[in-house]
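So that you can map any letter, position 168 of the sequence shown is 168 in full-length UniProt numbering, and since no number is skipped, the others follow by simple counting. We put the beta carbon where it would ideally sit given N, CA and C, even for glycine. Here's the structure, in structure tokens; my notes come after.
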Amino acid sequence: MGLRWIWVVGLMMLIRPAIAHHIIGGVLYYDNAGTDANGNHRYIIHLRLYRGCEPVDNNHADLDSFAHLTIYDNDNPGKYYMLLDVPMNKRDFRNDQHVDPCIVNPPTPCYQIGYYDAVVSLPVNDKGYTVVYQRCCRNDLIVNAYLPRNGATYFVQLPGRETGAIGDNSPRFDREEAILICANGKFSYDYSAVDPDGDSLSYSFAPAYDETSTGDVAPVVASPPPYTMLPYVAPYSPAFPMGSQVTIDPKTGIISGIAPPAGTYVIAVQVNEYRNGKLIGFIFKDFHLDVTNCHRIVTASIPTAFNKCESFTIPFTNNSTPGRTYLWDFGDGSTSTAYIPTHTYADTGTYVVKLKVDPGSACGDSASSVARVYPVLKPRFSFSGQCTSAPTQFTDLSTSTSGAINYWRWDFGTGDTSALANPQYQFKQANTYPVVLTVGNDKGCMNADTQQVLIYQAPPISLTPDTDLCYRDTIALPASTLTPGSFSWTPVYNLLNPLSSAPLSYARKDTTYYVRFTDANGCWNVDSIRVRVRDSIQVMAAPDTTICTGDPVNLSAVSDGRYVFTWEIPPGQIIAHQQDTSYVPAASSPFVIHARLQSCTAQDTMQVRLVNYPVHAPFREFSICSGDSATLTAANGVYYAWNPASNVDQPNQPVTTAHPADTTLYVVSKIDTLGCPKPTFDSIQVDVIPPVKVFAGNDTLITLGESFMLHGTSNVPGTYTWSPADGLSDVHVPNPIASGTRDITYTLKVSTPVGCYGVDSIRVRYLKGPAIYVPTAFTPNGDGHNDVLRPFPVGIVKLDYFRVYNRWGELVFETSQYLQGWDGYYKGKPADPGGYVWVVKGEDERGRTVLKKGVAVLIR
């Protein structure tokens, strides 16, 4: 039959979708649509694609407007029969608007569904047809599988004659619900399907399939079957896509259990369709389930069984939310409200245990378990043979007093297991393995014993290092091991007890002894020890030395073997039992080292001489004036070094001159030639008095016949001296009263206790007053001399104003502040040279107005 192409819609196959992560699941199924006029069978093919609700962007593509389906004739494998371009006819959203109110801060799960439907007519054949859809790309946040091609394959098989079900309607999943699954919490998800024909359905987890095309994002021609499943990441697998604690009910399709850690998990569920007991077809749906880090306010969680059967008393484990109220029902009429109760049963039996957490709350939870009380089941085992060259025999020694042991599970710590009662197992590598034996009895009890099993290539033995022997003595040669066995020493030359673990050697010449150890299973190992026979021994102390008093001396010696050493200060003061040690002597003395090998001995002496450090001088401190130099002196040394040396004239001399700019601590190191090689450090601090700044006051005008107070200041405390003394009330105070009758210049000198001083002066002019004096000219050129035109009041207590006008009568300056003046600028620019009229008004001490006018010349 020729190839067919059905154009469901025009040339939309030419649209190349962008690569982006968006597919989170899909499913194909079909409905019977009868036959056409040519006798071909007609089917309605349904494709459902799922994506998240993320906005469409460079990383999240939208659902395609068209889906490319490929139909393969199973009677002619490998060649496609028909290609379909199927438009999306509907888009639907699913989100959980009814999130459990007992979940803390729950996210709202959401996904979209794209609906694609096409009608095809196909001739009836024997093996039916395979309809397949392939697309890139899956959500790349999946944690339970690798994504080698990062794509998905969805397919369904249409029935042929061999199924006897031509005209069948396939099952279909009808539970399109968005659910919230919390990490490590209990959950239940209805993944069930319905069958329009009423056929029997069974459910199982199945593989999710990778996209196997040659790199197309949305291949027009999908790959032929069979298809490659995604590689799963351990411990997950197609049968346990969410771990061993999550299962699917084969009858109902309900997925339930304890959720794995947070992440995105791809799961696939296959529905097998049976008619009259015969498998006639299947469909599968894969979907990405998001497990989030949410949790219920209250969770009840206990082990599924308490079946160790160790006694009638059972300590119950509670993994529920702590800090709540609890109600235990132990199944024998007894209850408890303890968080972790212990209960003693009166008789053997199997009891249903129930726990309610916060039973009176709307968010309460419950859990149930089984307690098996059939004491005592005691697991125990032994093992023999620990060599990798032969199997290890494991023997069950477990006992059960209330039932017959009928279950064994050995875990050898390598991933291998056994269900035999007394298995043999050969380990491939030497190591220590945690071997676990789990046993169960016909009462349902189960308990485990764990032992660390040492496996070796050869039994380990341990010998002392090669050793020395005094020629007239005997020495033990101890060997040790962790396993039972026998020892055999060779040669037996001068050897007592050669079959023991610690024979005695009295060799008279250098000899290498070999020990062979054989364990109880015939596994053996060999090691050796060399005995060097000495007729004398030698030890030599370090050369005599001189040290500084109070310092430790390093006592060391060299020898021709490993001996017992003792350091001694004669006579008889033992100070150490090491070959090398450190000691702080109180005085010069000899130090003797003794070496001993059994009855062979030797000794040597090291003389230690103590010399005092150079004599230390006490801390000194003195002051200098800023800019002066300081003389530094040191003594009781031969070699000197002053630090800091940058401002010292001769930093290696005992007496030198320093020029510090600021207060400085000088440290001199000094070494003498008496034998102590270490320096002594002396310190001298030079305090530099900062420059003495003195201000006698601004030059001033005083009304003749009136007194005036001077105000002298300084930046450092000191002695004040005014000169000359004419007209001053006191020449040694900062603020004397001046009562002169003539113009005079006073000089103020301020001296510190160490002789530093500063000087300033003030010019005092006596004028007849009251009056206000204004200069006739000024030069505002910025040289600091006569730059400002200002009034000088004498006997004036208030200045009403000082105003300056230009030749056009414009006011260019005005002030009422004492000693303020005009700087020669008008409107931000230098004023023109020339004459300027000024007016000044003030008030004298008697309240009389003083008004004066004049002209001042601005000179540039």
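Open item on the list: Mapping the DSSP letters down to three states, classify R807 as helix, strand or coil.
Closed with: If DSSP states are grouped into helix, strand and coil, R807 belongs with coil.
- [ ] Since I believe K678 is in contact with Y613 (beta carbons under 8 angstroms), could you give me their beta-carbon distance rounded to a whole number of angstroms?
- [x] About 7 angstroms separates the two Cβ atoms, so the contact holds.
TODO: Would you kindly work out how many angstroms separate the C-alpha atoms of P250 and S170, rounded to a whole number?
DONE: If you take the alpha carbons of P250 and S170, they lie about 18 angstroms apart.
TODO: Please report how far the alpha carbon of P303 lies from the alpha carbon of D174, in whole angstroms.
DONE: P303 and D174 have their alpha carbons spaced roughly 34 angstroms apart.
TODO: Give the DSSP-derived three-state secondary structure of R380 in the structure shown.
DONE: Here R380 sits in coil by DSSP.
- [ ] Entirely within the segment 235–282 and at least 3 residues each: give me those beta strand (DSSP E) ranges in chain order.
- [x] 246–248, 254–258 and 263–275
- [ ] Determine whether the Cβ of G167 lies closer than 8 angstroms to any Cβ atom of chain C.
- [x] Included in the structure is just one protein chain, with no chain C present.
Open item on the list: Spatial neighbours of A725 within its chain, please: C-beta separation below 6 angstroms, excluding the five flanking residues on both sides.
Closed with: Here the set comprises V731.
- [ ] Under 8 angstroms by Cβ, that's how I've got P107 and T292 pegged, so tell me the actual separation to the nearest angstrom.
- [x] 6 angstroms
Task: Buried or exposed (CB count within 10 angstroms, at least 16 for buried), V56 - done: exposed
- [ ] Tell me whether the beta-carbon of Y30 lies closer than 8 angstroms to the beta-carbon of Y111.
- [x] no
- [ ] Please go through the segment 800–849 and give each complete beta strand (DSSP E) segment of 3 or more residues, from N-terminal end onward.
- [x] 811–815 and 834–844
TODO: Out of A476, T815 and Y506, point me to the one whose CA is closest to V533's CA.
DONE: Y506
- [ ] Please state whether DSSP places T450 in a helix, a strand or coil.
- [x] If DSSP states are grouped into helix, strand and coil, T450 belongs with the strands.
- [ ] Measure the C-alpha to C-alpha separation of K841 and T752 and round it to an integer number of angstroms.
- [x] 45 angstroms
Open item on the list: Can you tell me where the beta strand (DSSP E) holding L158 begins and where it ends?
Closed with: G151 to L158
TODO: Taking all protein chains shown into account, decide if I574 is buried (16 or more other Cβ within 10 angstroms of its Cβ) or exposed.
DONE: Note on I574: under 16 other CB atoms within 10 angstroms of its CB, so exposed under the neighbour-count rule.
Open item on the list: Would I529 and T581 be called neighbours here (beta carbons separated by less than 8 angstroms)?
Closed with: no
Task: Cβ-based neighbour list, N554, same chain, cut-off 7 angstroms, excluding 5 preceding and 5 following - done: S582
Open item on the list: Suppose you measure from the CA of L377 to the CA of A419; what does that come to, to the nearest Å?
Closed with: 18 angstroms
Open item on the list: Pop quiz: P123 and P224 are said to be a contact at Cβ under 8 angstroms. What is the actual Cβ separation, rounded to whole angstroms?
Closed with: Incorrect: roughly 19 angstroms between the Cβ atoms, too far for contact.
TODO: Have a look at D85, V797, G740 and G697 and flag the residue whose alpha-carbon is nearest the alpha-carbon of K749.
DONE: G697
Open item on the list: For a quick check, are the C-beta atoms of V668 and A641 less than 8 angstroms apart?
Closed with: Going by C-beta atoms, V668 is nearer than 8 angstroms to A641.
Task: Residue range of the unbroken beta strand (DSSP E) whose run includes C756 - done: It is not in any beta strand (DSSP E) - C756 carries neither H nor E in the DSSP assignment.
TODO: Take L597 and list the residues in its own chain whose beta-carbon comes closer than 7 angstroms to its own, dropping the five residues that flank it on each side.
DONE: D468, C470, R534, I537, G561 and Y563
- [ ] Note down the Cα distance separating V217 from N58, rounded to an integer number of angstroms.
- [x] 14 angstroms
Open item on the list: So, does the segment 178–191 touch the segment 153–164, judging by three or more C-beta pairs under 8 angstroms?
Closed with: no
Open item on the list: Please report the straight-line C-alpha distance between A520 and Q452, rounded to a whole angstrom.
Closed with: One C-alpha to the other measures close to 19 angstroms.
Task: For I455 and G151, the rounded distance between their alpha carbons - done: 46 angstroms
Task: Chain-order list of residues whose beta-carbon lies under 6 angstroms from that of F187 (same chain, five-residue window excluded) - done: I181 and A259
- [ ] Report all residues from its chain with a CB closer than 7 angstroms to the CB of R846; omit the five preceding and five following residues, and keep chain order.
- [x] none
Task: Contact belief for residue 862 with L47 at Cβ below 8 angstroms, rounded distance in angstroms - done: Outside the shown range of the chain (1 to 860) lies residue 862, about which nothing can therefore be said.
Task: Of the residues Y425, L437 and A371, the one placed nearest L397, counting alpha carbons only - done: L437
Open item on the list: I'd like to check one pair, T325 with T337: are the Cβ atoms closer than 8 angstroms?
Closed with: yes
- [ ] Could you tell me the boundaries of the beta strand (DSSP E) in which F487 lies?
- [x] Per DSSP, the unbroken beta strand (DSSP E) holding F487 starts and ends at G485 to T490.
Task: Short Cβ contact (8 angstroms threshold) for C523 with A458 - done: yes
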